[in-house]
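Please read the structure below before turning to the comments.
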Amino acid sequence: MNSPFEQDAVAMRLRKLAAMPVDTSAASARIMTAIPRAEARRSFKLSAYWSRAAAVAASLIIAVTLLTLSFWPNEAVASPAEFARIHREMVRGETPAMVATSFEQANRLIAEQWNGFSGFTHGTSPDWVPHACCLRDVKNAKVAFALISIDDKKVSVAVARAQDIRSPAGKVETHNGQRYHISTVDEFTMVMTEHDGRWVCLTGEKDASALIDAANKLGF
């Protein structure tokens with residue numbers, strides 16, 4: 000056991016240590032400096048998290064948009080005014096065209112430019128003889144035209160894929176279960192229909208019933 004003298008010396012030394020001032024400013028400064036760093040790290044982590052979340056959201060929006068567009072109808076709407084203009088140009092010889100003396104020849108000439116062209120007729124070969132044929136781009140849709148004569152009147156027969164073009168809203172008549180869209184522009188009448196994956200338009204200075212009859216004879 001320590002002597003009374005040693006105990007008194009220890010007690011005196013402890014009292015002196017207790018009375019000495021302690022400078023905690025340096026430690027406090029180090030602690031306060033460390034706090035913003037921790038906050039900055041937390042802020043950086045939050046910022047990185049939201050950046051990743053925003054990137055994922057943007058990717059989802061793009062994917063949904065592309066998926067929607069893939070199912071959205073993308074066929075062009077036929078413009079009666081444009082088909083009347085093309086018909087007029089063919090009658091006047093104002094558009095490049097190829098001479099054809101039969102529907103078979105017209106089909107071959109168009110097929111040379113349009114792989115998979117299904118033809119100007121469907122299961123029938125009327126006596127009409129085409130004068131000319133051509134392939135045009137109508138609102139990014141391939142459309143084949145053949146010019147024929149019916150009772151001394153020129154009639155243009157336009158054929159496209161039904162998935163590429165559709166008839167405009169307007170008057171509709173049904174004959175033998177087949178629907179025909181009817182339009183008029185100036186002196187021209189247009190009869191449009193769809194059959195077996197093909198969209199067909201007959202244009203000319205004829206009434207609708209005559210053009211519908213012609214479409215029937217062509218197999219449409």
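For the sequence shown, numbering that gives the first Met the number 0 gives the first residue as 0, with consecutive numbering after it. We put the beta carbon where it would ideally sit given N, CA and C, even for glycine.
Exposure of residue i, with buried meaning 16 or more beta-carbon neighbours within 10 Å
i    : result
G176 : exposed
N114 : exposed
K138 : exposed
H86  : buried
V190 : buried
Distance CB(residue i)-CB(residue j) smaller than 8 Å
i    : j    : result
M165 : V76  : For the record, residue 165 in the displayed sequence is Arg; it is not Met. Yes, Cβ-Cβ distance for R165 and V76 is below 8 Å.
G218 : T120 : yes
K205 : P125 : no
I181 : A143 : no
V184 : A105 : no
L210 : T188 : yes
F116 : C200 : no
Closest Cα partner of residue i within the set the options
i    : options                : result
A207 : S78, E186, K141        : E186
Q162 : N106, W198, K138       : W198
S101 : A145, S78, K138, A83   : A145
G92  : K205, V142, S117, K153 : K153
I147 : V190, G203, K141       : G203
D150 : A213, R84, H86         : A213
Limits of the unbroken alpha helix (DSSP H) element including residue i
i    : result
L108 : 102-110
A80  : 79-91
S208 : 207-216
Where the beta strand (DSSP E) through residue i begins and ends
i    : result
H130 : Where H130 is concerned, there is no enclosing beta strand (DSSP E), given that its DSSP letter is neither H nor E.
E172 : 170-174
F187 : 187-194
A140 : 140-149
S182 : 177-184
Taking three-plus beta-carbon pairs below 8 Å as touching, is the segment 130-140 in contact with the segment 84-101? yes
Between the segment 166-174 and the segment 145-158, are three or more C-beta pairs nearer than 8 Å? no
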